[in-house]
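Asker:
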Amino acid sequence: MSLDYSSFLTTAPAGQLLAYAGAGVVASIALLAAKYPDRAIFQDKRSSLPSMAAAQTKLLDWMLQHFQDHGLTWTFTALTLPRNVLTADPRNLEHILKREHKLFVKPSMCVTIYRRKLMWPCLSIFSADNFENYPKGPILFERMYEMMGHGIFNSDAKYEYIMTLAGPQWLYQRKTASYIFTVKNFRDWFIGVFVQDLNVMKKHVLDKVAESGAEVDLHDLMLKFTLDSFVQLGFGVHLRALQQDKLPFAHAFDIVQAQTGYRLFSPFWKTEELFSRIFQPWKPNMKDHVKVIDNFAYNIIQQRRDDPEYESKNDLLSRFMNALDDNGNPLNDKQLRDVILNFIIAGRDTTAQALSWTFYRLALHPEVEEKLLAEILEYVREDMVPDELHETVKKMKYAHAVFFEVLRLHPSVPLEQKYALKDDVLPDGTQIKGGDVIGWCIYAQGRLEALWGPDCLEFCPERWIVNGDLRNVSQGQWPVFHGGPRLCLGKSLAILECLVALSFLVKQYRFALVPGQDITYMRSLTLPMKNGMRVHVQRRNL
293 MSLDYSSFLT
303 TAPAGQLLAY
313 AGAGVVASIA
323 LLAAKYPDRA
333 IFQDKRSSLP
343 SMAAAQTKLL
353 DWMLQHFQDH
363 GLTWTFTALT
373 LPRNVLTADP
383 RNLEHILKRE
393 HKLFVKPSMC
403 VTIYRRKLMW
413 PCLSIFSADN
423 FENYPKGPIL
433 FERMYEMMGH
443 GIFNSDAKYE
453 YIMTLAGPQW
463 LYQRKTASYI
473 FTVKNFRDWF
483 IGVFVQDLNV
493 MKKHVLDKVA
503 ESGAEVDLHD
513 LMLKFTLDSF
523 VQLGFGVHLR
533 ALQQDKLPFA
543 HAFDIVQAQT
553 GYRLFSPFWK
563 TEELFSRIFQ
573 PWKPNMKDHV
583 KVIDNFAYNI
593 IQQRRDDPEY
603 ESKNDLLSRF
613 MNALDDNGNP
623 LNDKQLRDVI
633 LNFIIAGRDT
643 TAQALSWTFY
653 RLALHPEVEE
663 KLLAEILEYV
673 REDMVPDELH
683 ETVKKMKYAH
693 AVFFEVLRLH
703 PSVPLEQKYA
713 LKDDVLPDGT
723 QIKGGDVIGW
733 CIYAQGRLEA
743 LWGPDCLEFC
753 PERWIVNGDL
763 RNVSQGQWPV
773 FHGGPRLCLG
783 KSLAILECLV
793 ALSFLVKQYR
803 FALVPGQDIT
813 YMRSLTLPMK
823 NGMRVHVQRR
833 NL
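Add 292 to the 1-based position in the sequence shown for the numbering used here, that's all there is to it.
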């Protein structure tokens with residue numbers, strides 16, 4: 293007896309057919325995931341590497357362990373992901389990040405003018421350097437787009453130029469923003485805002501906590517401080533986060549960052565987020581949190597558009613609102629939103645986290661704190677005006693050494709990756725194929741004996757001072773501010789803000805860790821403290 297399925301297919305409800313099809317897809321994925329839990333489909337198992345599922349909570353330390361076990365370059369594969377090459381070799385990083393101008397021409401029958409392709413005999417100019425071969429790539433872009441959009445941290449360089457009136461989007465944004473990051477602005481404007489917000493922190497939080505003997509989450513406090521400062525400097529808005537308990541934007545921003553970081557190493561992130569929305573509809577999801585940060589950004593933009601004098605302002609937002617794209621049009625609200633959120637990550641998160649980890653290390657190493665305090669007392673006076681303070685902190689070598697040593701062990705951006713467009717060979721001989729992902733773990737790099745010696749795990753600011761001068765370390769060995777053409781635009785600003793904050797706070801207060809805390813990092817795009825950092829505050833009597 294034969295069974296006729298045709299009648300079933302024609303009479304079954306469409307929803308039922310979709311359910312059967314969906315069940316089949318899910319079952320197939322489940323079988324593949326069970327058979328290949330730690331590698332790409334049909335790839336042989338590497339006994340040297342455990343499942344990445346076991347590394348999800350401590351991903352950075354998982355990577356560090358494998359650099360220690362397998363050397364400065366190793367690879368892994370995972371279901372739905374391309375081959376990943378992880379390297380800590382400074383030569384490889386220099387090769388990937390830095391630009392070597394190798395231009396050549398060849399005959400062509402196509403020329404691009406104003407984004408229009410015309411068939412016309414011409415000579416096409418190609419850029420064949422290493423930097424252009426390693427953009428951020430489609431995998432990173434897709435996973436970060438919901439948060440970052442086309443902002444400076446998620447936009448790519450083009451690897452081929454024919455004729456164009458404007459450069460890559462990241463370069464356009466970088467050039468527009470660069471007019472803000474000047475020595476004159478640092479000296480005459482930025483330092484004044486930093487000191488103003490530090491005084492708000494002192495009056496509204498630290499003095500009260502010191503007097504009452506209560507605890508305070510210093511990590512949360514640093515995030516509020518840098519958010520207040522950067523939003524005022526960048527967008528002309530006084531948030532007064534330091535005077536508030538919770539800020540919905542900051543909460544949503546942290547969650548979206550963490551989820552975006554999770555997406556980078558989760559093969560089934562789309563399915564997981566879909567199932568979460570279906571089976572936990574009461575729970576705020578990624579889209580809900582993105583809506584909160586979108587509303588924050590669009591409100592800032594609308595406030596500025598409603599200001600009749602916005603064209604005369606000189607902050608970051610006004611620079612972009614007055615700028616034109618390569619078609620001669622002003623940026624729309626979505627483009628401005630992407631600018632705002634990308635620069636908030638740079639101006640708020642990375643600096644606040646660096647300060648938090650610095651106070652953590654000072655609490656663990658009182659001898660370092662005493663040396664730092666001695667330098668602060670030697671150089672910094674209470675009555676210093678901003679331009680004098682600007683020149684003074686630049687001379688404080690031990691403060692720089694402390695800050696750089698913290699960034700070595702606790703880099704604000706702990707993990708980076710690029711995407712190979714074409715085949716290549718790294719300086720250490722590693723073969724790269726087009727489509728490979730090349731990553732480097734800055735967190736692991738700072739803790740490797742091969743790069744920093746046998747005391748690599750010790751907190752030792754003195755390693756940064758050689759013959760009385762600050763040690764110069766290559767971008768390949770210490771890429772905490774990235775490197776090459778995309779070197780962190782706000783590097784000088786971040787160093788300045790942290791040193792001013794350290795000088796102000798260490799001079800007036802001693803912070804002691806509340807016992808029994810588990811102070812560790814949370815997996816994210818940056819390096820936030822997972823559980824915060826609770827401290828007791830004691831005023832100094834100097």
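C-beta atoms are modelled at their ideal positions from N, C-alpha and C, and glycine is treated no differently.
1) Taking 9 Å as the threshold (C-beta atoms), are Ile592 and Leu525 in contact?
2) Any idea what DSSP makes of Ala502, helix, strand or coil?
3) Judging by CA-CA distance, which residue of Ala370, Leu556 and Leu385 is the nearest neighbour of Gln737?
4) Would you identify the three-state DSSP class for Asn376, choosing helix, strand or coil?
5) DSSP puts Leu699 in a beta bridge; with which residues?
6) So, helix, strand or coil for Ile637, using DSSP?
7) Where does Cys752 sit, in a helix, a strand or coil, going by DSSP?
8) Cβ of Pro771 less than 9 Å from any chain D Cβ?
9) Could you tell me whether the segment 351-371 touches the segment 752-766, where touching means 3 or more Cβ pairs closer than 8 Å?
10) Using a Cβ-Cβ cutoff of less than 7 Å, which residues in the same chain neighbour Pro374 once the five nearest sequence positions on both sides are dropped?
11) So the alpha helix (DSSP H) Val792 belongs to, where does it begin and stop?
12) Taking C-alpha atoms, which residue in Gln709, Ser568 and Val698 lies nearest to Phe433?
13) What's the C-alpha gap between Cys790 and Ile668?
14) Could you tell me how far apart the beta carbons of Lys687 and Tyr671 are, in whole angstroms, since I believe they sit closer than 8 Å?
15) For Asp641, which residues of its own chain have a beta-carbon under 6 Å away from its beta-carbon, when the five flanking residues on both sides are left out?
16) Would you give the residue range spanned by the alpha helix (DSSP H) that Ile585 belongs to?
17) Please report the residue range of the beta strand (DSSP E) in which Ile730 lies.
18) Look at the alpha carbon of Ile444 and the alpha carbon of Val631, and state the distance between them as a whole number of angstroms.
19) Since Pro703 and Tyr735 are thought to touch, with beta carbons under 8 Å apart, how far apart are those beta carbons, to the nearest angstrom?
20) When the Cα atoms are used, what is the spatial distance from Glu603 to Asn621?
21) So, is Leu794 buried or exposed, given that buried needs 16 or more other C-beta atoms within 10 angstroms?
22) Looking at C-alpha atoms only, which residue of Tyr590, His657 and Val508 is the closest neighbour of His828?
23) Quick check: Phe517 and Leu534, are their CB atoms within less than 9 Å of each other?
24) Quick one: grab the DSSP three-state call for Tyr464.
25) For the segment 489-498 against the segment 574-583, are there 3 or more C-beta pairs whose distance is under 8 Å?
26) Residues in its own chain within less than 8 Å of Ser568 by CB, not counting five upstream and five downstream?
27) With contact counted as at least three CB pairs below 8 Å, one residue from each stretch, are the segment 707-725 and the segment 422-441 in contact?
28) So, under 8 Å CB-CB, Leu664 and Val698 are touching, yes? Tell me the CB distance rounded to an integer number of Å.
29) Please determine, among Pro807, Val806 and Lys822, the residue with the shortest C-alpha to C-alpha distance to Tyr813.
30) Out of curiosity, what's the CA-to-CA distance linking Phe478 and Lys350?
31) Classify Arg673 as helix, strand or coil using the three-state DSSP reduction.
32) Given this structure, state the Cα-to-Cα distance separating Gly760 from His692, to the nearest angstrom.
Answerer: A quick look at the data gives this:
1) For Leu525 and Ile592, no; Cβs fall outside 9 Å.
2) Correct three-state label for Ala502: helix.
3) Nearest option by C-alpha distance: Leu385.
4) Correct three-state label for Asn376: strand.
5) Leu699 is not bridged to any residue.
6) Three-state DSSP puts Ile637 in a helix.
7) DSSP places Cys752 in the coil class of the three-state scheme, outside both helix and strand.
8) Among the chains of the structure shown, chain D does not appear; only one protein chain is present.
9) Output reads no: the segment 752-766 does not touch the segment 351-371.
10) Result list for Pro374: Gly727, Asp728 and Val729, in chain order.
11) Lys783 to Gln800 is the span of the alpha helix (DSSP H), which, as asked, contains Val792.
12) Selection Gln709, Ser568 and Val698 evaluated against Phe433 yields Gln709 as nearest (Cα-Cα).
13) So the alpha carbons of these two residues sit roughly 13 Å apart.
14) Confirmed, Cβ separation roughly 6 Å.
15) The answer, listed in chain order, is Thr818.
16) Residues Met578 to Arg597.
17) Note, Ile730: beta strand (DSSP E), Val729 to Cys733.
18) Their backbone Cα atoms lie some 7 Å apart in a straight line.
19) Rounded to the nearest angstrom, the Cβ distance from Pro703 to Tyr735 is 6 Å, consistent with a contact under 8 Å.
20) Looking at the two C-alpha atoms, the distance is approximately 16 Å.
21) Buried, by the Cβ-count rule.
22) Ranking the options by Cα distance to His828, first place goes to Val508.
23) Contact flag set, yes.
24) In this structure, DSSP gives Tyr464 a helical state, which the three-state scheme calls helix.
25) Touching, no, given that fewer than three Cβ pairs across the two stretches are closer than 8 Å.
26) Excluding positions up to five away in sequence, the list reads Lys575 and Asn577.
27) Enough Cβ pairs lie closer than 8 Å, so yes.
28) That pair is no contact at about 11 Å.
29) In terms of Cα proximity to Tyr813, the closest of Pro807, Val806 and Lys822 is Lys822.
30) Using only the alpha carbons, I get a separation of about 37 Å.
31) Three-state DSSP puts Arg673 in coil, outside helix and strand.
32) If I take the Cα positions, the gap works out to 13 Å.
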